[in-house]
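Number of protein chains: 2
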Amino acid sequence: MAKILTGKEVAQAVTEEIKIDVEKLKEKNINPKLTIVRVGTNPSDLSYERGALKRMDKCGIKTKVVELNKEITQYEFTEKLKQINKDSNTHGILIFRPLPKQLREEEIKYIISPEKDVDCLSPLNVGKVTEGDVTGFPPATPLAVMEMLKYYEIDFEGKNAVVLGRSLVVGKPMAMLLLKENSTTTICHSRTKNLKRICRKADILVAAVGRARMVNDEYLSKDTVVMDVGINVDDNGNMCGDVDFELCKDKCEAITPVPRGVGSVTTSVLAKHVVKAAKLLNNL
Amino acid sequence: MAKILTGKEVAQAVTEEIKIDVEKLKEKNINPKLTIVRVGTNPSDLSYERGALKRMDKCGIKTKVVELNKEITQYEFTEKLKQINKDSNTHGILIFRPLPKQLREEEIKYIISPEKDVDCLSPLNVGKVTEGDVTGFPPATPLAVMEMLKYYEIDFEGKNAVVLGRSLVVGKPMAMLLLKENSTTTICHSRTKNLKRICRKADILVAAVGRARMVNDEYLSKDTVVMDVGINVDDNGNMCGDVDFELCKDKCEAITPVPRGVGSVTTSVLAKHVVKAAKLLNNL
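Top line first, the protein sequences correspond to chains C and A.
For reference, each letter of the first sequence is one residue, going 1 to 284 in the numbering used here.
For reference, each letter of the second sequence is one residue, going 1001 to 1284 in the numbering used here.
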């Protein structure tokens, strides 16, 4: 039986650190605040929002939700965003994506203030993550994976890390974060040949493809640490990851479940970013 | 005997393309121009500069060299750079690096106009390369590798590409460019374990470590295409690559020599970027 890497303890540990930081900021009259921008009422946005609000509250971070009509025009949206950029009480801004069709993310990503862009929408933050610049804000999910690997004391040094998926929200930044920790990093994707063989060579395997239970035990060796980033709903309406947990849990070194794995840590990472933004904006 | 991939033909082919583009721009009264900023008189800067000036001339691109005293202060440098940013006749800016110690590249990279930053100094361009945004300017060397691979019709699709080195000027952008062409991409570095074994699995091996003749025939299979990005000087004062050409040339599918390989293509890529910048700046 593999070691089951659950997210709860990690989220708790990160939260405890943040609380101390927030207390210190409050002594300086700085009250970290996250403003969430949500267009419409997508159930998965609402679900993440509830979790985020709860986490911020636990950390002592203030929040504001700006709910916008799903018919909002590009002009109205960008004007609103510029207002939030300017709001000196807001330190972090999270915009739920994907945005409705009439909103052009390609323009919006250049409008959000990079200093408040805690979810790595701005190309400048994408650049900082690639540079390894610590003032940047890597996306929450890959950073949550890193927090988990560190909490569970998984060794990175010179290890083979294989990332399944090359998206800008997980795959690519994940590779950059692993590289920074001295892992030898491979990015695989839909066009990869001999995928199973490559994955079997992984010491750390991060699955971020968005396909329910795609990764089975043929992708693993007994030494693999499997980090499952997928959040899918199967044919029976059950939430599941990109990894077939039941098939894999006896065939590897360690594995994260879905739910209760990586996903449980993302709001803590977000909270950490808000605190970091509050510090940087105040030159601390 | 491996196929020897020389750069000259590639540079020539790229130059021919550029000449046509430049003619079209001139018909619209747009005269593409590169401004080179050089601090001091470093011999390798001067050597690259000569090659670049010659290439721009062949392409019909105007040039200006701004030579600055090596004692120049940060303030003087940034004021000068701001002037060049504003010069509407300049479409591309190349700043030789590394800069002398008193100049802070960490600040300068935020000052250069991203629209004219043809050598990928700005974090915004680093971000665009990671995003795969075609309006960005990937660094010249990895892009020269891509031009060579395409010219010699090397197949990328699903192939294993291994990049040796994780620098911001070669390794990381190289990985992003290969990934965009659907290669399965691995980044290795000084901490990588089993380096030779990993390299032997490569269909395409890009060496960018800056160590004279480090890569020998033990890193190759007979099917490997070896792209040598290194420019080193050996103990006898001879220029050589990161790959031991003599040892490797009979042991792989194809290989670039040093000199006369990838390095011969970088100024053409730079010229291409100047033309692209001129187009984008004029909304073409």
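Ideal Cβ positions, reconstructed from N, Cα and C, are used throughout, including at glycine.
Treat the numbers as computed from the prediction; the structure is a model and nothing was measured.
Quiz item: Apart from the five residues on each side of it in sequence, which residues of its chain come closer than 6 Å, Cβ to Cβ, to V1225 (chain A)?
Solution: I1154, I1204, E1253, A1254
Quiz item: Closer than 6 Å: is that where the CB of D119 (chain C) sits relative to any heavy atom of the ligand PLP?
Solution: Within the structure as shown, the ligand PLP is missing, as the structure has no ligands at all.
Exercise. Spell out whether any CB of chain C is found under 7 Å from the CB atom of N1182 (chain A).
Key: yes
Quiz prompt | chain A residues whose Cβ lies nearer than 9 Å to that of K193 (chain C) | solution = E1157, G1158, K1159, N1160, T1184
Practice problem: Mind the definition here: the segment 1031 to 1043 of chain A touches the segment 1269 to 1279 of chain A only if three or more C-beta pairs lie below 8 Å; say whether that holds. | Solution: yes
Exercise. Return the chain-ordered list of same chain residues with a C-beta closer than 7 Å to the C-beta of A1140 (chain A), the five sequence neighbours on each side being excluded.
Key: D1119, T1266, V1269, L1270
Quiz item: Within the 7 Å Cβ cut-off, does P123 (chain C) reach chain A?
Solution: yes
Self-check item: Interface partners of L164 (chain C) on chain A, CB under 9 Å
Solution: Near L164 (chain C) there are no residues of chain A at all, since even the closest Cβ is about 11 Å away, more than 9 Å.
Exercise. Grab the span of the alpha helix (DSSP H) containing I1108 (chain A) for me, first residue to last.
Key: 1105 to 1111
Self-check item: Range covered by the beta strand (DSSP E) that runs through R38 (chain C)
Solution: 33 to 39
Practice problem: Scan the segment 122 to 149 of chain C for residues whose Cβ lies nearer than 9 Å to a Cβ of chain A and list them as they occur along the chain. | Solution: S122, P123, L124, N125, V126, G127, K128, V129, T130, E131, G132, D133, G136
Quiz item: E105 (chain C) to Q74 (chain C), Cα distance in whole Å?
Solution: 9 Å
Practice problem: Would you mind stating whether P142 (chain C) and L177 (chain C) have Cβ atoms separated by less than 7 Å? | Solution: yes
Exercise. Could you confirm whether any beta carbon from chain C is found closer than 7 Å to the beta carbon of I1061 (chain A)?
Key: no
Quiz item: C1289 (chain A) touches chain C at which residues, Cβ-Cβ below 7 Å?
Solution: Nothing in the structure corresponds to residue 1289 (chain A), since chain A is present only between 1001 and 1284.
Quiz prompt | Cβ-Cβ separation, V1037 (chain A) to L1094 (chain A) (assumed contact under 8 Å), whole Å | solution = 7 Å
Exercise. Spatial neighbours of V163 (chain C) within its chain, please: CB distance less than 6 Å, with the 5 preceding and 5 following residues excluded, ordered by chain position.
Key: G171, M174, A175, I187, V206
Quiz prompt | Cα-Cα separation, D234 (chain C) to R211 (chain C) | solution = 9 Å
Quiz item: Once you ignore the five residues that flank L1195 (chain A) on each side, which residues in its own chain have a CB closer than 7 Å to its CB?
Solution: C1188
Quiz item: Cβ of L25 (chain C) less than 7 Å from any chain A Cβ?
Solution: no
Quiz item: So is K196 (chain C) in contact with chain A if we call contact Cβ pairs under 7 Å?
Solution: no
Quiz item: Is the segment 57 to 69 of chain C touching the segment 6 to 23 of chain C, taking contact as three or more C-beta pairs under 8 Å?
Solution: yes
Quiz item: If you draw a straight line from the C-alpha of D1223 (chain A) to the C-alpha of K3 (chain C), how long is it?
Solution: 40 Å
Quiz prompt | Simplified DSSP assignment, three categories, for G1092 (chain A) | solution = strand
Quiz prompt | Beta-bridge pairing of M227 (chain C) - partner residues as DSSP gives them | solution = C:V206
Quiz prompt | Residues that K172 (chain C) contacts on chain A, provided the C-beta gap is smaller than 7 Å | solution = T1130
Exercise. Give the interface partners of L179 (chain C) over in chain A, defined as CB-CB distance under 7 Å, in chain order.
Key: R1166, I1187
Practice problem: Output the distance between the C-alpha atoms of T185 (chain C) and T1184 (chain A), rounded to the nearest integer angstrom. | Solution: 11 Å
Quiz item: Hey, G237 (chain C) and D228 (chain C): beta-carbon distance below 7 Å or not?
Solution: no
Quiz item: What separation, rounded to the nearest whole angstrom, lies between the Cα atoms of E1049 (chain A) and G1132 (chain A)?
Solution: 29 Å
Quiz item: Under the rule that 16 or more other beta-carbon atoms within 10 Å means buried, what is S264 (chain C), buried or exposed?
Solution: buried
Self-check item: Pairwise C-alpha distance: N1216 (chain A) and D1045 (chain A)
Solution: 29 Å
Quiz item: Can you tell me whether DSSP reads T1192 (chain A) as helix, strand or coil?
Solution: coil
Quiz item: Out of A:I1072, A:Y1151, A:M1001, A:L1068, which has the shortest C-alpha to C-alpha gap to V1262 (chain A)?
Solution: A:Y1151
Quiz item: If you draw a straight line from the C-alpha of N1069 (chain A) to the C-alpha of Q1102 (chain A), how long is it?
Solution: 12 Å
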